[in-house]
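Undergrad: Once you've had a glance at the structure underneath, I'll fire off some questions.
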Amino acid sequence: MGRAGSAVAAEERREAVLPGYERLEAEVPVLYTPRLARKTWEARDYLAQGYRMLGQILSVEQPRIIAYLVADEDWKGAPRDNTRPYPPGLPYFTRSVEPPALVLPEELSTVFRPRTAATLPLTVWHELAHAFLLGREVVKTPAWLGEFVAQAASAAVARRVDLPLEEHLSQIDTQPGLTVRGFRGPAGAEDQMSFQNLLLLLGVAALQEFGEGLLQSIFHALWEEDELVDEERAEELLGDALGQGGREWLVSRPEF
Ligand SMILES: [Zn+2]
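For the sequence shown, position 193 (counting from the first letter as 1) is numbered 1220 according to the working numbering, and the numbering increases by one without interruption.
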């Protein structure tokens, strides 16, 4: 869910070796264990949709990445930035291998809520959006901005491929007792999910109000920033990326 950093030297990077894993060739190739072939095809399709659409939405050349669909029993061997394995069931993006990889679990953790037909594709596109953003150097930003970008991009892919989101969005608690800017880690899984869901609502509302061009603007703005982005600068960058009236709109939103 969070952004991935990487301190691994380039010469140490390589594809992680998971015994018995096969490679499915696609726009985003998938390394998978044969037992999970069906899930792999499903993931491949979502990955291909997201990869194509994000390339178009952002009008950029796609970064070279691969995906791992990791069985529960192999989770500890999955590539990652830290030494300790991550909690099971949480997908993430890592630059600890070359090409950088999106790591998908066999089953999404039960912390992912709401559970609808949109949950898995939105999650895959969210991680893909992180991969696109981190395809170039990015300075540190407040967590909410990096996650907003991933949630809004994921919603934009859903719009492009006509994945209906109404049912999914209607099941989100719109008043979870926190706001996007007020959210501070470390937090429990439930609060993390509430935070992500607020960002999804905010992303959908922003797309409706300002159109998907806001994504190209904010991605490029973040790529061009060369100093640490503080809270004030983050609000400024996003407000400006939204377009005319963006800053006023942003501070008027209940999620924000
Ligand atoms: Zn994320």
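For each residue, glycine too, the CB sits at the ideal point set by N, CA and C.
1) Name the DSSP beta bridge partners of A1128, please?
2) Does the pairing of the stretch 1134 to 1149 with the stretch 1163 to 1175 give three or more beta-carbon distances under 8 Å?
3) For A1233, collect the residues of the same chain with a Cβ closer than 7 Å to its Cβ; drop the 5 residues on either side in sequence, then sort them by chain order.
4) Who are the near neighbours of L1147 in its chain, counting only those whose CB is closer than 6 Å to its CB and skipping five residues on each side?
5) What three-state label does DSSP hand G1029 in the structure shown?
6) Check E1049 in the structure and name its three-state DSSP category.
7) Given a threshold of 16 other Cβ atoms within 10 Å of its Cβ, counted over all protein chains shown, does A1075 qualify as buried or as exposed?
8) With distances taken Cα to Cα, identify the nearest neighbour of E1258 among F1283, H1247, G1272 and E1236.
9) Are V1165 and V1256 closer than 7 Å when you measure CB to CB?
10) Just to confirm, is the Cβ distance from V1231 to G1077 under 7 Å?
11) Would you check if the distance between the CB atom of A1094 and the CB atom of V1057 is smaller than 7 Å?
12) Kindly indicate which three-state DSSP category V1057 falls into: helix, strand or coil?
13) List the whole-angstrom C-beta distance separating A1248 from L1264, where the pair is believed to meet the contact cut-off of C-beta under 8 Å.
14) Taking the straight line between their C-alpha atoms, what separation do you get for T1206 and P1046?
15) Quick check on DSSP: helix, strand or coil for A1064?
16) Have a look at V1138, E1236 and K1066 and flag the residue whose alpha-carbon is nearest the alpha-carbon of S1279.
17) Please report the straight-line C-alpha distance between S1086 and W1276, rounded to a whole angstrom.
18) So, A1216 versus V1138, is the Cβ gap smaller than 7 Å?
TA: Result, derived from the coordinates:
1) Your numbering for residue 1128 matches position 101 in the sequence shown. Paired residues: I1093 and T1121.
2) no
3) Walking along the sequence shown from the start, residue 1233 turns up at place 206. Residues of the same chain with a CB within less than 7 Å of the CB of A1233, apart from the 5 flanking positions on each side, are A1179, L1241 and L1269 in chain order.
4) In the sequence shown, counting from the first residue as 1, residue 1147 sits at position 120. There are no such residues.
5) As a first step, residue 1029 is located in the sequence shown; it is residue number 2 there, counting from the start. Residue confidence for G1029 is low, a pLDDT of 49 falling below 50, so the modelled location carries little weight; the figure read from the coordinates is stated next. When secondary structure is reduced to three states using DSSP, G1029 falls in the coil class, being assigned neither helix nor strand.
6) For this step, residue 1049 is matched to residue 22 along the sequence shown. Strand, per DSSP.
7) Indexing the sequence shown from 1 puts residue 1075 at position 48. Its Cβ having fewer than 16 others within 10 Å, A1075 is exposed.
8) Translated into the one-based positions of the sequence shown, residue 1258 becomes position 231. For the residues F1283, H1247, G1272 and E1236, the minimum Cα distance to E1258 belongs to F1283.
9) Taking the first residue of the sequence shown as 1, we reach residue 1165 at position 138. Taking the first residue of the sequence shown as 1, we reach residue 1256 at position 229. In terms of Cβ geometry, V1165 and V1256 do not form a close pair [threshold 7 Å].
10) Counted from its first residue, the sequence shown places residue 1231 at position 204. Counted from its first residue, the sequence shown places residue 1077 at position 50. For the 7 Å CB-CB criterion, V1231 and G1077 do not form a contact.
11) Sequence index remark: in the sequence shown, residue 1094 carries index 67 (1-based). Sequence index remark: in the sequence shown, residue 1057 carries index 30 (1-based). It is a contact, given that the beta carbons lie within the stated cut-off.
12) Sequence index remark: in the sequence shown, residue 1057 carries index 30 (1-based). It is a strand residue.
13) The residue labelled residue 1248 in the question sits at position 221 within the sequence shown. The residue labelled residue 1264 in the question sits at position 237 within the sequence shown. Rounded, the Cβ-Cβ distance is 5 Å, consistent with contact.
14) Residue mapping note: residue 1206 aligns to position 179 of the sequence shown, counting from 1. Residue mapping note: residue 1046 aligns to position 19 of the sequence shown, counting from 1. Cα-Cα distance, rounded: 44 Å.
15) Translated into the one-based positions of the sequence shown, residue 1064 becomes position 37. Three-state result, A1064: helix.
16) Position 252 of the sequence shown holds residue 1279. Cα-wise, what sits closest to S1279 is E1236.
17) For this step, residue 1086 is matched to residue 59 along the sequence shown. For this step, residue 1276 is matched to residue 249 along the sequence shown. Taking the straight line joining both Cα atoms gives about 25 Å.
18) Counting from one through the sequence shown, the residue named residue 1216 turns up at place 189. Counting from one through the sequence shown, the residue named residue 1138 turns up at place 111. Yes, these two residues count as a Cβ contact at 7 Å.
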